[in-house]
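Before any comments, here is the structure.
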Amino acid sequence: MRAVSVTTTTRYCLSVNVISAALRHSPAEVSCAMADTITPERRSANMALIRGKDTRPELFVRRALHALGYRFRLHGARLPGKPDLVLAGRRTVIFVHGCFWHRHTCGKAYVPKTRTVFWQTKFRRNKERDAAAQAELRRAGWRVIVVWECDLEIGSDAVERLVALLGPPGRSRQLKTKVRKPPSKRKSETPVQAKRGGSRRLPGR
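For the sequence shown, this note's numbering assigns the number 201 to the initial residue and increments by one for each residue that follows.
Below, the structure written as structure tokens:
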């Protein structure tokens, strides 16, 4: 593991704490027991406004990691599940999941009171699709990290835990420099012949 100086480590920890303290995203929790007071038409309009990418939790994770020195690609279209962040040098992908859509075990994963069968079917398919994509990524040698929306509440240590999984920012240990091997000498050549580049006989023989 790459050695980190005391000064670098101190600045690194301070950066993590500052970014965590600056978090201002705290979605309101919704109880399963709440009565459904929204009309089907209004709910459909609300759902249509929800983004599939560049969500607030995703943007926060991206900005936090980038400020700490990590570099990554976004929305890997060629990878199963299109991970939100792709750290190719570390062979790691990150999914930033909304608790409602991807069915976390927290209180945000409630089921709407209207069209219950429709929502249950949709949620089941979402979970199956997530599991299949993650399994395929792992089989291909990728490390999969899932960050849940509720993990990014104010005062949480989500950034610190994510950094602990990723390791120090900078050039990944998995990136290897290719060293070109020198051309091998023919066994039948003497050192003088190899220097001249031919197999001619030496003078006087």
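The beta-carbon is built from N, C-alpha and C at its ideal position, and this holds for glycine as well.
Where the alpha helix (DSSP H) through residue i begins and ends
{"i": "Val359", "result": "358-366"}
{"i": "Glu336", "result": "316-339"}
{"i": "Val311", "result": "No alpha helix (DSSP H) holds Val311; DSSP gives it neither H nor E."}
{"i": "Cys306", "result": "Here Cys306 belongs to no alpha helix (DSSP H), and DSSP marks it neither H nor E."}
{"i": "Glu353", "result": "It is not in any alpha helix (DSSP H) - Glu353 carries neither H nor E in the DSSP assignment."}
{"i": "Pro257", "result": "256-267"}
Contact check, residue i vs residue j, beta carbons under 8 Å
{"i": "Pro257", "j": "Glu349", "result": "yes"}
{"i": "Gln334", "j": "Val347", "result": "no"}
{"i": "Gly281", "j": "Phe300", "result": "no"}
{"i": "Lys327", "j": "Arg290", "result": "no"}
{"i": "Tyr270", "j": "Leu287", "result": "yes"}
{"i": "Ala264", "j": "Val359", "result": "yes"}
{"i": "Leu362", "j": "Thr292", "result": "no"}
DSSP bridge partner residues for residue i (one or two, in chain order)
{"i": "Leu285", "result": "Leu274, Ile294"}
Residue closest to residue i, alpha-carbon to alpha-carbon, out of the options
{"i": "His275", "options": "Ala267, Leu285, His266, Leu268", "result": "Leu285"}
{"i": "Glu353", "options": "Ala331, Lys308, Thr316", "result": "Lys308"}
{"i": "Arg161", "options": "Pro283, Arg361, Ala364", "result": "The shown model of the chain, from 201 to 405, leaves out residue 161, and the question about it has no answer."}
{"i": "Gly341", "options": "Val311, Leu279, Arg273, Arg262", "result": "Leu279"}
{"i": "Pro369", "options": "Val261, Thr255, Asp254, His266", "result": "His266"}
Contact test: residue i Cβ vs the ligand NAD heavy atom, cutoff 7 Å
{"i": "Gly307", "result": "The ligand NAD is not among the ligands present in this structure, which contains no ligands whatsoever."}
N-terminal and C-terminal residue of the beta strand (DSSP E) that residue i is part of
{"i": "Val346", "result": "343-348"}
Residue-level contact to chain D via CB, residue i, 8 Å cutoff
{"i": "Arg290", "result": "You won't find chain D in this structure, because it holds only one protein chain."}
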